[in-house]
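Visitor:
There are 2 protein chains.
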Amino acid sequence: MEKIEQKGIQSILFNEPPCILSGASVVGKKEGEGPLKDYFDEIIEDAMFGKDNWEEAESEFMKEACNLAITKSKVDLKQIRYLFGGDLLGQLIGTTFGISALKIPFFGLYGACSTIGEALSLGSITISSGAADYVLATTSSHFASAEKQFRYPLEYGNQRPLAATWTVTGSAAFVLSKDEGDILVKGITTGKIMDYGIKDSMNMGACMAPAAADLIYQNLKDFQIKPDYYDKIITGDLGKVGQEILFKLLKDNGVNIERNHMDCGIEIFDDTTQDTHAGGSGCGCSATTLAGLIMNRMSSRKWKRVLFIPTGALLSTVSFNEGQTVPGIAHGVILERR
Amino acid sequence: MEKIEQKGIQSILFNEPPCILSGASVVGKKEGEGPLKDYFDEIIEDAMFGKDNWEEAESEFMKEACNLAITKSKVDLKQIRYLFGGDLLGQLIGTTFGISALKIPFFGLYGACSTIGEALSLGSITISSGAADYVLATTSSHFASAEKQFRYPLEYGNQRPLAATWTVTGSAAFVLSKDEGDILVKGITTGKIMDYGIKDSMNMGACMAPAAADLIYQNLKDFQIKPDYYDKIITGDLGKVGQEILFKLLKDNGVNIERNHMDCGIEIFDDTTQDTHAGGSGCGCSATTLAGLIMNRMSSRKWKRVLFIPTGALLSTVSFNEGQTVPGIAHGVILERR
C-alpha cells in the first residue's frame, strides 16, 4: 500500500499518518480575556512583548511559541529537519526575525490567514515522504502590525464596520512527527484561489466564505463522506458574516454543516464584551485555537474527527487600491484522535 | 529502498527522482536584449504587457509562462495536482492574480528571490511522496513593481550604487513529473536563514552570499562530494559583489568553486552596455535562466550535473526602516541529465 493515496481531485489520504506531537499557543491580552483564555499556554499582557515596535513584538510571539512547542515535544532541536512558517506581513518579516535563531532549514509560506493549514499540509507531506522525521509548523499575527499594514494608523481611530474582524495577536507552533502523538493528520484537501469578485476589504468573511465552501464540498466529495463523518468542521476566521454565507453556499449545493460547524474567529472573542464585531482573524486566530481549544477537545476524546480549515483573504493594499478584488483560499487538514 | 533518503543535516536524495518535464520563460525588453536573449521563449516589448499597472503586468508574465509550460509539457491541466508559486510583492499579488484562472490547488511560497528553489524543492518532495503525478512551479518579478515596493518611485530617478542589482522583469514556470523528462531532480539542500548583520539594502549580493556559501558547503558535506562533482554550481542573483564574497567565504572554509561557478544575475545582463551594475536579481532572474540557458545546456548534454541555488534577500522596507538587518536564504536543487 502506498503511504499516500490521491483522493478525488484535491485531496490526499495518509495511510501512515503523521501526528501532531505538540502544539503551543502564545497570545495577547485581549485574547487572554476572551472565551478561550483557559486553553492558551501563555498570555502576554504587553502588546510590545518588551520590543521596540509591533513587528518585532510579533516575531517575539512566534519565537516563544516555537520554543514552547519544541520543549513540549521533548524532541531535540537538531532532529527538526524543516520549519514551515509564515505570517501576514510583507515579505514575512514576522517569521524571518521570529525563527532565524532556531537555524532550522526553512520553507517560507504565504496563504494569508490560511497559512497554518498550508504549513500543516506541507509538513505532513514532507514527513510522509520520508524527507523528515520531525518538522515545525508555525504562524503569527499581531493586531497592530496588521492594522498598520492593511488598514489605517491606529492613532487615526477609524470606525470599524460590523462585518470587520479583529486581528488576533498571537502565534502558535506545532511539532509534527512520523509516528508519535495522539492526533493524526489523516489527510489534506488543498484549496484553489476562489474569486467571487468581492472588493470590500472590511468584509473578509465574505471574501473567504466561497473558498471555505468549495473546500468543504470537495473534501466530502473526494472522500465520499457526509458532513457528520466529522465531529466538527472548523473554519479559520470567517466570523459571523462569513459563516452565514458559508452555510448558504453549501446549502445551495445540498450540504448542511450547521449542526457541527465551528469558526475559530467566532469562538476566540466575545463581541458583546470585547467589541470585536464579526470575530477574530489573522494567521494567529485558527493556529492558536488549534493549539488551544481544538487539541484539548481531541486529546480528551470529546472530538474524534475534525476537519480543520484555516481560511485566507488574499488582500494587499496595493492590488486593492488598484481596484482588484480580494480572492480567498482555504487549506483543509483532517485530524483524527488515535 | 526508501524513495527519499535523508542526507546529513540539510539534504535529501531522491532515489526515484522527479523530473522537470517542461520549462518556459517569458521576459521583458531589457532581458530580451541581454546575453541570454536566445534562450527565452518569449520576449514582451511592452513592460505593461497591455495592462493598467505594473502589478497586473507582472501577473500577466506569470500567466503566460504557466500556460506555455503546460502546453510544452503536453500534460492535461486537470492532471496538475498542485501549484507551488510566489513572487516578491507583499501578499504575493503577482502570483494570486497570475494563477487564479488556472484553478489548481495552490501553495503560496515566499523565499524572496530564492522562491523558485523553494517551489522546485517542495514540488519534488510532493511528487516523490506520491501526493501528485504532476505539479507546476512558478515565480515572477518585475523591475517596476519591485522598485515601487522596495526602493524609490521610478519618477524620482535615484542614482544606483555599483553594488545594486537590477530586478529582472519576467516569469518562468516548470511542470514537474513523476518520471517523464530528461532533467532529474536528484536531491535538494534546504537553506536556513543566515544573518551576518548586513543592513545595506542596496547591496543584496552581500546579504545573500553567506546563505549561498553555507548552502554549498552543506551540500558538499551532506553528500560527501567535492565541487567538481558538478559541471556547474549556479547561484541565483548574487551579482559581481556577492560572487566575490561567496568565493572568499568558501575559500575560508577550504572550498574553491571558482572553476565551475556561474551566477544567473551576472549572466542575464551585460553591464557594459545595459547599465545594470552588479547584475540581475528578482525571483524571475534564476527562474528564467533555468528555463532558458540552464535547461538548454543540460538538454544538449553540455552539462550533466548542476547544483542550482536560487538566493533570496529577506528585505522588507518596514523591517529595514526599523533598523533591522537584511538576512539571506538559499535553496539548493541538484539537477542531473538522465
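Residue numbers (our numbering), protein chains in the order written: chain B, 1 to 338; chain F, 1001 to 1338. Note that CB positions come from ideal geometry on N, CA and C, so glycine has one too. A quick note: this is a predicted structure, and the numbers were derived from the prediction, not measured.
With a Cβ-Cβ cutoff of 9 Å, do F/Ile1234 and F/Cys1264 count as a contact?
Guide: Going by C-beta atoms, F/Ile1234 is nearer than 9 Å to F/Cys1264.
Visitor: Closer than 7 Å between beta carbons: that is the criterion. Which residues of the region 1192–1210 of chain F meet it against chain B?
Guide: Hits within the stretch, in order: Lys1192, Ile1193 and Asp1195.
Visitor: Any contact of the region 5–23 of chain B with the region 165–181 of chain B, i.e. 3+ C-beta pairs under 8 Å?
Guide: They touch, by the three-pair rule.
Visitor: So what does DSSP say about F/Leu1169, is it helix, strand or coil?
Guide: Note that residue 1169 of chain F corresponds to Thr in the displayed sequence, not to Leu. Looking at F/Thr1169 - three-state DSSP - the assignment turns out to be coil, as it is neither helix nor strand.
Visitor: Where do the ends of the beta strand (DSSP E) carrying F/Gly1123 lie?
Guide: That residue, F/Gly1123, is in no beta strand (DSSP E); its alpha helix (DSSP H) goes Thr1115 to Ser1129.
Visitor: Would you mind sorting B/Ala65 into buried or exposed? The rule is 16 or more other CB atoms within 10 Å of its CB.
Guide: Buried, by the Cβ-count rule.
Visitor: Taking 6 Å as the limit between beta carbons, can you name the residues of its chain near B/Ile216, skipping five residues before and five after?
Guide: Answer for B/Ile216: no residue qualifies.
Visitor: With F/Lys1232 as the anchor, note down where its beta strand (DSSP E) starts and where it stops.
Guide: Per DSSP, F/Lys1232 belongs to the beta strand (DSSP E) from Lys1232 to Thr1235.
Visitor: Report yes if the CB atom of B/Trp166 is closer than 9 Å to the CB atom of B/Lys30, and no otherwise.
Guide: Yes, Cβ-Cβ distance for B/Trp166 and B/Lys30 is below 9 Å.
Visitor: Out of curiosity, what's the CA-to-CA distance linking B/Ile309 and B/Ala209?
Guide: Whole-angstrom Cα-Cα distance: 11 Å.
Visitor: Would you list, in chain order, the members of the region 1316–1331 of chain F that have their beta-carbon closer than 7 Å to a beta-carbon of chain B?
Guide: Listed by position, the residues of the region 1316–1331 of chain F near chain B (Cβ gap below 7 Å) are Ser1316, Val1318, Ser1319, Glu1322, Gln1324, Pro1327 and Ile1329.
Visitor: In whole angstroms, what separates the C-alpha of F/Phe1320 from that of F/Met1202?
Guide: Roughly 11 Å between the two C-alpha positions.
Visitor: Taking the C-alpha atoms as reference points, what is the distance between F/Ser1100 and F/Thr1126?
Guide: Looking at the two C-alpha atoms, the distance is approximately 21 Å.
Visitor: Can the beta-carbon of F/Leu1120 be found less than 9 Å from the beta-carbon of F/Gly1292?
Guide: No.
Visitor: Nearest chain B C-beta to F/Asn1053 closer than 9 Å, yes or no?
Guide: True, the Cβ-Cβ gap to chain B drops below 9 Å.
Visitor: Do you know how far the Cα of B/Ser141 is from the Cα of B/Arg151?
Guide: When rounded, the distance between both Cα atoms is 14 Å.
Visitor: In the DSSP assignment, find the alpha helix (DSSP H) that holds B/Phe247 and state where it starts and stops.
Guide: Counting along the chain, the alpha helix (DSSP H) containing B/Phe247 begins and ends at Gly239 to Asp252.
Visitor: Between which two residues does the alpha helix (DSSP H) containing F/Gln1149 stretch?
Guide: That run of the alpha helix (DSSP H) goes Phe1143 to Phe1150.
Visitor: Which residue comes first and which comes last in the alpha helix (DSSP H) that contains B/Asp222?
Guide: That run of the alpha helix (DSSP H) goes Met204 to Asp222.
Visitor: Please check if any C-beta of chain B sits within less than 9 Å of the C-beta of F/Phe1174.
Guide: No, F/Phe1174 does not count as interfacial toward chain B.
Visitor: Identify whether F/Ile1266 lies in helix, strand or coil by the three-state DSSP scheme.
Guide: In the structure shown, F/Ile1266 sits in a helix (DSSP, three-state: H, G or I).
Visitor: Find the residues of chain B that neighbour F/Phe1308, judging by a C-beta separation of less than 9 Å, and give them in chain order.
Guide: Those within 9 Å of F/Phe1308 in chain B number zero; the least Cβ separation is about 17 Å.
Visitor: Can you name the residues of chain B whose CB is closer than 8 Å to the CB of F/Lys1003?
Guide: Within 8 Å Cβ-Cβ: Ser129 and Gly130.
Visitor: How would you write the range of the beta strand (DSSP E) that F/Gln1091 sits in, first residue to last?
Guide: Run containing F/Gln1091: none; DSSP gives neither H nor E here.
Visitor: Identify the continuous beta strand (DSSP E) that holds B/Phe107 and give its terminal residues.
Guide: It spans Phe106 to Gly108 - the beta strand (DSSP E) in which B/Phe107 sits, taken as one unbroken run.
Visitor: With distance defined between alpha-carbon atoms, name the residue in F/Gly1032, F/Leu1013 and F/Ser1011 nearest to F/Gln1274.
Guide: When only C-alpha atoms are compared, the closest one is F/Gly1032.
Visitor: CB-CB under 6 Å to F/Asp1231, same chain, minus the five flanking residues each way: which ones, in chain order?
Guide: If we look at F/Asp1231 and ignore the five residues flanking it on each side, its Cβ neighbours are Trp1303, Lys1304 and Arg1305.
Visitor: Given that a residue counts as buried once 16 or more other Cβ atoms are within 10 Å of its Cβ, and exposed if not, what is B/Glu258?
Guide: It counts as exposed.
Visitor: Within 9 Å of any Cβ in chain B, is that where the Cβ of F/Gln1274 sits?
Guide: No, F/Gln1274 lies away from the interface with chain B (no Cβ there is under 9 Å from its Cβ).
Visitor: In chain B, what lies closer than 8 Å to F/Ser1171 by C-beta?
Guide: Those within 8 Å of F/Ser1171 in chain B number zero; the least Cβ separation is about 17 Å.
Visitor: Which residue spans inside the region 1289–1321 of chain F form an unbroken beta strand (DSSP E) run of at least 3?
Guide: The region 1289–1321 of chain F contains these whole beta strand (DSSP E) runs: 1305–1309 and 1311–1313.
Visitor: Under 9 Å between C-beta atoms, does B/Ala112 make it to chain F?
Guide: Yes, because at least one Cβ of chain F sits closer than 9 Å to the Cβ of B/Ala112.
Visitor: Strictly by DSSP, which residues pair up with B/Leu136?
Guide: B/Leu83 and B/Val175, per the DSSP bridge assignment.
Visitor: Using a Cβ-Cβ distance under 9 Å, would B/Arg151 count as near chain F?
Guide: Not one chain F Cβ lies under 9 Å of B/Arg151.
Visitor: What residue range does the beta strand (DSSP E) around B/Lys72 cover?
Guide: That residue, B/Lys72, is in no beta strand (DSSP E); its alpha helix (DSSP H) goes Trp54 to Ser73.
Visitor: At a CB-CB cut-off below 8 Å, which residues of chain F make contact with B/Lys29?
Guide: Ordered by position in chain F, no residue passes the 8 Å Cβ test against B/Lys29, which lies about 23 Å from the chain.
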